[in-house]
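Each residue of the sequence shown is one higher than the one before, starting from 860 at the first, in the numbering used here. The block underneath contains the structure these notes are about, expressed in structure tokens.
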Amino acid sequence: MTFSVHGLAVSRGIAIGRAVLVASSRVDVVHYFIDASKVLQEITRVRVSRNAVMEEITRLQHDLPKDAPHEIAALLDVHLMLLQDEQLISGVKHWIAERHYNAEWALTTQYDTIARQFDEMEDEYLRERKADLEQVVERILRHMKGVASPVQAAVRAGSSRNQSQDLLLDDTMDVPLVLVAHDISPADMLQFKQSLFAGFATDVGGKTSHTAIVARSMDIPAVVGARSASQLIKQDDWVIIDGDAGVLIVDPSPIILAEYGFKQRQGELERERLNRLKHTPALTIDGQRIELLANIEMPDDTLGAVKVGAVGVGLFRSEFLFMGRSGKLPDENEQYLAYRKAVEGMEGLPVTIRTVDIGSDKPLDKLPGKAQDRHLNPALGLRAIRWSLADPPMFLTQLRAILRAAAHGHVNLLVPMLAHGSEIRQTLALIDQARAQLDHKGLSYGPVRLGAMIEIPAAALSVKLFLKYFDFLSIGTNDLIQYTLAIDRADELVAHLYDPCHPAVLRLIADTIAECQRQGKAVSVCGEMAGDVSMTRLLLGLGLRSFSMHPSQILAVKQQVLRADAAKLALWAQQVLESEDPGAML
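Below, the structure is given as structure tokens:
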């Protein structure tokens, strides 16, 4: 009987094949108390297994094939960083030494403790790193028990299968396979290059989870967050993975299979057409030049940005460098080398580095004297620029690193979550102080254009004030929508009210773009709206000429740009703004 399972669409395309099932990678953990005499022995067991996992990952990095997506190498770095996390290490020692838990119990208990901190994070990208922590812990547990990864076993088994197609597929080909798993680690993803898997689905994960990031980089149809998919789907079931709609169709009828077979062929043709646009200038029909920039999280992401023809980086989320370090923040030189790598990776194209967008709801928050449990609503608390201004030495360290990186190429410095004139003046004073400190040390640095994020309604309504101080503005639509509509986008109970087409949201965006145009200042959109092709025509009509998005979305947006007449869209966009239901007009 045909049925469907819904999840999140994270990587476009259609995959059709038989399911190779991995129900869960969780290792069963026994719980028991140990004698005081066994404390050192249990701590040693954890340390030996952790070191072995670190060696495995280091070996994987060294042996990465040249055609492996750079995202995998970066995510393996994340796993290495988490393995060395002092909070994880010291916590496990505490549960063993103080509570006399056995090693496995201590490890999972500390994981649960840290996982709760990840759950409270406002930033979606950082919240998704909980999955990386879980996989690190699972790898240690598997090593302690001598158990192999079930996903890797399934991949190897799937690669060795060689059956004839049936149903309506070509009898002369091997049967395509799709992987259905609880989750897939970056190390397991390496197996996809050598396997027959046409796509995959996972029970867990979000749009910024590592599985989603790698799936997009490898252009593999994928659906994540499909909840009970690995329980509902049986081994060898025929499954259609619709990566465009975020749906799995299990045991499809011949009619449905034929329909999706046609969609699959159309998708392949569409991707070929998009790939031919890589070197085509982004010009509208009426000759308006549109700037298509990339959002990146890690310096190595510049490879993917250049590959798809991005004309620069519109948003480098620097908080990745601060993540999972339990208060041990990266020093100036470490940050400088990372920013410099990104700048040099863009081969002379501009790179916009956003100062750390992190806050009291993040595990790395270790500001002295700040109670960790007093922040009733972290989204409205000490985050982003507020957090930076509360710790001037930390902020000055980052500013010096960014200024030094600017000596190697075109750098823009972007400040998140500003709302008050006093915050603006404080920030500019600290930038001047950072320059003075570099002069005093005799270190070279370069010029930077200064920009501010517009992601709070108060900022959008004070845009004239912002333009007195900044060279450009960047509209962060994700937070702007959240704060305008008072919607926690991470809360499933109200997520349906998160509406980018709400008239108030569109008015704030339109007025910000219009004021920047009047004053001759640059403005971009760097939130999810920028990469949403259903919003491209509206944003063009509102006067936007600079879009920043995940590299995988650039070619699809470029196609919309090439088909658009910006002058004609301007009148229609005003009609959309005046509508009670703008979404119905798109």
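Note that the Cβ used here is the ideal one computed from N, Cα and C, for glycine as well.
Have a look at the options and flag the residue whose alpha-carbon is nearest the alpha-carbon of residue i.
i	options	result
Ala1249	Gln1285, Ala1260 and Asn1271	Gln1285
Gly1065	Lys897, Thr1139, Glu987 and Arg998	Glu987
Val1322	Val1382, Tyr1357, Glu1191 and Asn1337	Val1382
Glu979	Ala911, Phe892, Gly1240 and Asp922	Gly1240
Gln1419	Gly1207, Val1202, Glu1129 and Leu1356	Glu1129
Val1384	Thr1211, Ile1346 and Leu1332	Leu1332
Thr1061	Ala868, Glu1127 and Glu914	Ala868
Gly1268	Lys1200, Ala1317, Ile1334 and Met1312	Lys1200
Gln1090	Asp1078, Met1253, Val1109 and Leu1436	Val1109
Leu1326	Asp1298, Arg1377 and Ala1040	Arg1377
Ala1057	Asp1078, Ala1071 and Ser1044	Asp1078
Met1253	Met1003, Glu1178, Lys1300 and Thr1371	Glu1178
Ile1115	Ala1389, Thr861 and Glu1437	Thr861
Arg1148	Glu1156, Thr1139 and Ile1155	Thr1139
Val1172	Asp1330, Leu1272 and Pro924	Leu1272
Val931	His953, Phe1059, Ala1071 and Leu1038	Note on identity: in this sequence residue 931 is Ile, with Val being the wrong assignment. For the residues His953, Phe1059, Ala1071 and Leu1038, the minimum Cα distance to Ile931 belongs to Ala1071.
Ala1423	Ala1265, Gly866, Val1073 and Thr1143	Thr1143
Pro1209	Asp1370, Leu1174, Leu919 and Thr972	Leu1174
Val1073	Ile1043, Asp1096, Trp1097 and Val1063	Ile1043
Helix, strand or coil, according to DSSP, for residue i in the structure here?
i	result
Ser1383	strand
Ala932	helix
Leu867	strand
Glu1206	coil
Gly1173	strand
Gly1450	With the chain represented from 860 up to 1445, any question about residue 1450 goes unanswered, as that position is not in the structure.
Thr861	coil
Ala911	helix
Val937	helix
Gly876	strand
Lys1225	Because Lys1225 carries a pLDDT of 45, less than 50, the predicted location of this residue cannot be relied on, and no value is offered for it.
Glu1156	coil
Leu1401	coil
Thr1214	coil
Leu1241	coil
Arg1422	coil
Ala1040	strand
Leu1414	helix
Val1165	helix
Val888	coil
Val1034	coil
Glu1178	helix
Note down the Cα distance separating residue i from residue j, rounded to an integer number of angstroms.
i	j	result
Lys1221	Gln976	Model confidence at Lys1221 stands at a pLDDT of 42, short of 50, so the residue's coordinates are unreliable and nothing is read from them.
Val1215	Thr917	28 Å
Leu1414	Asn1337	21 Å
Arg1308	Leu1188	25 Å
Ala1104	Leu1428	27 Å
Thr1161	Pro1306	21 Å
Gly1126	Arg1075	15 Å
Gly1379	Leu1403	13 Å
Lys1417	Ala1141	6 Å
Ile1092	Pro1111	12 Å
Lys1166	Val951	43 Å
Glu1314	Met1276	6 Å
Leu1036	Glu1203	40 Å
Leu1339	Leu985	19 Å
Ile1290	Gln1341	29 Å
Val864	Ala1088	7 Å
Arg998	Gln1257	33 Å
Arg1245	Asp894	48 Å
Trp1431	Leu934	43 Å
Ile1099	Tyr1119	8 Å
Leu1324	Phe1181	31 Å
Asp991	Ala1426	46 Å
Gly1335	Ser1303	32 Å
Met1287	Pro1316	Checking the sequence shown, residue 1287 turns out to be Leu, not Met. Leu1287 and Pro1316: Cα-Cα distance of roughly 22 Å.
How about residue i: is its C-beta nearer than 7 Å to some C-beta of chain D?
i	result
His938	No chain D is part of this structure, which consists of one protein chain only.
Which parts of the region 1254 to 1338 are runs of the alpha helix (DSSP H), unbroken and 4 residues or longer, counting only runs that do not cross its ends? Considered as a whole, the region 1254 to 1338 harbours 1280 to 1300, 1316 to 1320 and 1322 to 1328 as its complete alpha helix (DSSP H) runs of no fewer than 4 residues, in chain order.
Is there contact here, the region 953 to 964 with the region 936 to 945, by at least three beta-carbon pairs under 8 Å? Contact between the region 953 to 964 and the region 936 to 945 is absent, because fewer than three Cβ pairs lie under 8 Å.
Would you call the region 888 to 895 in contact with the region 1123 to 1140, where contact means no fewer than 3 C-beta pairs closer than 8 Å? Between the region 888 to 895 and the region 1123 to 1140 there are fewer than three C-beta pairs closer than 8 Å, too few to call the two in contact.
Just list the beta strand (DSSP E) runs in the region 942 to 1001, keeping only unbroken ones of 3 residues or longer that don't cross its boundaries, in chain order. Within the region 942 to 1001, no beta strand (DSSP E) run of at least 3 residues lies entirely inside it.
Across the region 1193 to 1206 and the region 1256 to 1272, are there enough close Cβ pairs to call them in contact, namely three or more that are closer than 8 Å? These segments touch.
Please determine if the region 1391 to 1409 and the region 1355 to 1374 are in contact, where contact requires at least 3 C-beta pairs separated by less than 8 Å. Touching, yes, given that three or more Cβ pairs across the two stretches are closer than 8 Å.
Can you check the region 1062 to 1139 for any beta strand (DSSP E) of at least 3 residues that lies completely inside it and give the ranges in chain order? For the region 1062 to 1139, whole beta strand (DSSP E) runs of length 3 or above, ordered along the chain, are 1081 to 1083, 1097 to 1101 and 1106 to 1109.
Stretch-stretch touch, CB-based, cutoff 8 Å, three pairs: the region 961 to 974 with the region 872 to 883: Using a Cβ-Cβ distance cut-off of 8 Å, the region 961 to 974 and the region 872 to 883 are not in contact, since fewer than three pairs of beta carbons, one from each stretch, lie closer than that value.
If contact is defined by three or more beta carbon pairs under 8 Å, each pair taking one atom from either stretch, is the region 897 to 911 in contact with the region 1104 to 1123? Judged by Cβ distances under 8 Å, the region 1104 to 1123 makes no contact with the region 897 to 911, as fewer than three pairs qualify.
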